[in-house]
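In what follows, a single structure is set out as structure tokens and then discussed.
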Amino acid sequence: MRVVVVVLNWRALRETLACLQGLKQQDYEEFAVVVVDNGSDDGSPAALRAAVPWAEVIETGRNLGYAGGNNVGLRRALALGAEFVLILNNDTILPPDLLRKLVAAAEAHPQAGMFGPTIYYADRPSLIWSAGGRLDRRDGRTWMLTEATTEVRRVDFLSGCALFVRRAVLEEAGLLDEDFFLYYEDVEWGVRAARHGFVSLHLPQVMLWHAIPRDGRESSPMVHYFMTRNRYLFLRRSGAPWQAQARALLEDLRLIAVWTVRRRWRRTKRAQRRARLLGLRDAFLGRWGPGAMREVLGG
């Protein structure tokens, strides 16, 4: 099988079915779809099997996070003999030429191991959410590139929203690191792949749309928790010096202090501040995986 697409579902049947419909309309034929249900309790697995019998549905039985759930799909893709794997968020809107263009780019750039399209906001179709990512190795900060470009370019990492991976990366660099659970795992994977000689390329002429709210990361306590905690995990995994962790800690403490002292933030940022404090606690306790996710969601 030339390409295997891995789609992760967790209590989002409608979004997953819409995504699968976009895959069914692809003008490229040599692909299979593996849907990994990450412990949904809403009847998703049975509904998916009934609605899309052409896709394989695997049930994990519990929420393994983004990394763990996608790894189930990646292992299945390897067993199916995939040459390439596309990890795809279920809240994406796809053009019919997506797979064909990704395969063509991979064939044109044999030195690269990871490829990513230009990802636009679904509610503002001309606004770029991600055109690849950059990493500041001094403190582990990351950011998405959002400027339009016409040239294929090398980036530090690619968003896990839509990540096209060569089989050799999986075999030589390994799968996603499940300690991250959610967020930063795509950053670490790109850095690890580069250490094994695989570059990551952003493909400006390949595009899709992502149904992500523009203020989603800023307002979500869960995002603040995992992004705070996992930055330190990434720094440790990548062998960064202690100065990098010190710079990250100083930045986090400064932000928490501002949200505590300034009246305008004291109430509106209460949940985010608590999430960041829990993230710092778990980072220095070495509490990885799902960590304090239930505490964060419970408020």
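Numbered according to the working numbering, the sequence shown spans residues 2 to 300.
Where a beta carbon is used, it is the ideal one built from N, C-alpha and C, also for glycine.
The beta carbon of Tyr-233 is closer than 7 angstroms to those of Gln-246, Ala-249, Ala-284 in its chain, skipping five residues each way along the sequence. Phe-85 has its alpha-carbon roughly 17 angstroms from the corresponding atom of Phe-158. Taking the C-beta atoms as reference points, Leu-103 is found no nearer than 7 angstroms to Phe-199.
Around the C-beta of Val-262, fewer than 16 other C-beta atoms lie within 10 Å, and the residue is accordingly described as exposed. Considering only Arg-255, Thr-61, Tyr-226, Asp-28, the residue with the shortest C-alpha distance to Val-35 is Thr-61.
The residue from Ala-83, Glu-16, Gln-22 with its alpha-carbon nearest to that of Ala-212 is Glu-16. Straight through space, the alpha carbons of Val-259 and Trp-11 are spaced by roughly 35 angstroms.
Restricting attention to Asn-231, Leu-204, Phe-235, the CA atom closest to the CA of Ala-109 is found in Leu-204. By the beta-carbon neighbour count (other beta carbons within 10 angstroms, threshold 16), Ala-52 is exposed. Across the set Met-228, Asp-187, Gly-287, Arg-274, the C-alpha of Asp-187 shows the shortest separation from the C-alpha of Gly-69. Leaving aside the five residues that flank Asn-64 on each side, the residues in its chain whose CB is nearer than 8 angstroms to its CB run, in chain order, Trp-11, Asn-39, Gly-40, Gly-70, Pro-291. Boundaries of the beta strand (DSSP E) harbouring Gly-134: 134-137, taken from the DSSP string. No residue range can be given for Ala-83, since it is assigned to no alpha helix (DSSP H) and is classified by DSSP as neither H nor E. About 14 angstroms separates the beta carbons of Glu-189 and Gly-66, which is beyond the 8 angstroms limit, so they are not a contact pair. Going by DSSP, Asp-283 is part of the alpha helix (DSSP H) stretching over 271-286.
The beta carbon of Asp-140 lies closer than 6 angstroms to those of Ala-245, Arg-248, Ala-249 in the same chain, with the five residues before and after it left out.
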